[in-house]
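**Student:** I have a structure here, written as structure tokens, and I will follow up with some questions on it.
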Amino acid sequence: MSKQPTEIRKKQIIKATLGIIAEKGVSGLTTAEVARRVGFSEAALFRHFPNKLQIIKATMVDVHESLLNGIQTIISQNTGPLNKLEEILKFQLTFIEENKGLPRILFSDELHLGDRELRQTIMKRHEKYLETIMSVIAEGVALGIFRGDLDIKMGAKTFFGLIQTSIFTSFMTDFDVSLLQQFEPMARFLRQCFIGRNYCA
Numbered sequence: 013m014s015k016q017p018t019e020i021r022k023k024q025i026i027k028a029t030l031g032i033i034a035e036k037g038v039s040g041l042t043t044a045e046v047a048r049r050v051g052f053s054e055a056a057l058f059r060h061f062p063n064k065l066q067i068i069k070a071t072m073v074d075v076h077e078s079l080l081n082g083i084q085t086i087i088s089q090n091t092g093p094l095n096k097l098e099e100i101l102k103f104q105l106t107f108i109e110e111n112k113g114l115p116r117i118l119f120s121d122e123l124h125l126g127d128r129e130l131r132q133t134i135m136k137r138h139e140k141y142l143e144t145i146m147s148v149i150a151e152g153v154a155l156g157i158f159r160g161d162l163d164i165k166m167g168a169k170t171f172f173g174l175i176q177t178s179i180f181t182s183f184m185t186d187f188d189v190s191l192l193q194q195f196e197p198m199a200r201f202l203r204q205c206f207i208g209r210n211y212c213a
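Position in the sequence shown (first residue = 1) + 12 = my numbering.
Written as structure tokens, this is what we have:
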């Protein structure tokens, strides 16, 4: 097999990792299986990542960056804070549907009981995510679209909590029900919670 740039190889490793975790869980992930799926030896794999934990960490960082980049694209559009929140909600539900390995990592012992550095990495990105959602909510409050007494930080946590609960439920039922089927009731609930009484669309 011809040599490819390091970054391309790393992307291939991350894609293979998510696929394996989606099928077998984090405990079923092995460096040998990752190497087999990517198409090179385990020794070659270790030239990119020294161990399984570093592969998981790189995977989480890559996925979070993709998620945040997608959200930033939505925020950059001139569609108004309410539409932005709903588009972010739909984007996240779709993103998880397409990356089913992600919740298996988030709910794994490797994260909750394992490496502290991995937990800190995820927490830093989660804080960045919450700050991003808070900025959209703050915009809505400033424009008089959202309630003036809305607690912006709690609003962001509520937004995330709705998504996290839906992910957990789908995860526990092996994604029998599409996350996107939950979009409309979730969006309706957020409108009821956030929109000011005097606002007319």
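Beta carbons are placed, not taken as given, at the ideal position from N, Cα and C, and that holds for glycine. No experiment lies behind these values; they were computed from the predicted model shown.
Out of curiosity, what's the CA-to-CA distance linking E143 and T177?
**Tutor:** Between E143 and T177, the C-alpha separation is close to 20 Å.
**Student:** As an exercise, report each continuous alpha helix (DSSP H) stretch of at least 4 residues that is fully enclosed by the region 50-126, in chain order.
**Tutor:** Those alpha helix (DSSP H) runs which fall completely within the region 50-126 and span 4+ residues are 54-58, 64-87, 93-110 and 113-118.
**Student:** Closest by CA to E151, which one among L57, I164 and F61?
**Tutor:** Of L57, I164 and F61, the residue nearest in Cα terms is I164.
**Student:** According to DSSP, simplified to helix, strand and coil, what is I20?
**Tutor:** In the structure shown, I20 sits in a helix (DSSP, three-state: H, G or I).
**Student:** Can you tell me whether DSSP reads F171 as helix, strand or coil?
**Tutor:** Here F171 sits in helix by DSSP.
**Student:** Closer than 8 Å by C-beta to V153: which residues in its own chain qualify, once you throw out the five before and the five after it? Chain order, please.
**Tutor:** The residues are R159, G160, L162 and I164.
**Student:** So, for N81: in the same chain, excluding its five sequence neighbours on each side, which residues have a beta-carbon less than 7 Å away from its beta-carbon?
**Tutor:** So no residue of the chain qualifies.
**Student:** Using the rule of at least 16 other Cβ atoms within 10 Å of the residue's Cβ for burial, across every protein chain shown, is G113 buried or exposed?
**Tutor:** With 16 or more other Cβ atoms within 10 Å, it is buried.
**Student:** Is it the case that the CB of N63 approaches a heavy atom of the ligand NAD more closely than 8 Å?
**Tutor:** As presented, the structure is devoid of all ligands, the ligand NAD included, so that no description of it is given.
**Student:** Is it buried or exposed, V194, if we count other Cβ atoms within 10 angstroms and call 16 or more buried?
**Tutor:** Checking the sequence shown, residue 194 turns out to be Gln, not Val. Burial call: buried.
**Student:** Candidates R116, I25, I100 and E77: which alpha carbon is nearest S39's?
**Tutor:** Residue R116 is the option with its Cα nearest to S39.
**Student:** Evaluate G51 with the Cβ neighbour count: other Cβ atoms within 10 Å of its Cβ, from every protein chain shown; 16 or more gives buried, anything less gives exposed.
**Tutor:** The residue in question, G51, is exposed, as its Cβ has fewer than 16 Cβ neighbours within 10 Å.
**Student:** Which same chain residues end up closer than 8 Å to M13 when comparing Cβ atoms and leaving out the 5 residues on each side of it in sequence?
**Tutor:** Any answer about M13 is weak, because its pLDDT of 44 lies below 50 and its placement is not dependable; what the coordinates show is given next. So the list reads G51 and F52, once near-sequence residues are dropped.
**Student:** From the DSSP secondary-structure annotation, give me the bridge partner or partners of I207.
**Tutor:** Looking at the DSSP assignment, I207 forms a beta bridge with F158.
**Student:** Considering Cα atoms alone, identify which of A34, Q66 and S190 is closest to K102.
**Tutor:** The option with the nearest alpha carbon to K102 is S190.
**Student:** In whole angstroms, give me the CA-to-CA distance for M146 and G156.
**Tutor:** Cα-Cα distance, rounded: 15 Å.
**Student:** Given that a residue counts as buried once 16 or more other Cβ atoms are within 10 Å of its Cβ, and exposed if not, what is F192?
**Tutor:** Position check: residue 192 holds Leu in this sequence, whereas Phe was assumed. Classification for L192: exposed.
**Student:** Is the beta carbon of V46 closer than 9 Å to that of T133?
**Tutor:** Result no, Cβ atoms of T133 and V46 do not sit closer than 9 Å.
**Student:** Excluding the 5 residues flanking A34 on each side, which residues of the same chain have their C-beta closer than 7 Å to its C-beta?
**Tutor:** Closer than 7 Å at the Cβ level, and outside the excluded window around A34, lie K112, G113 and R116.
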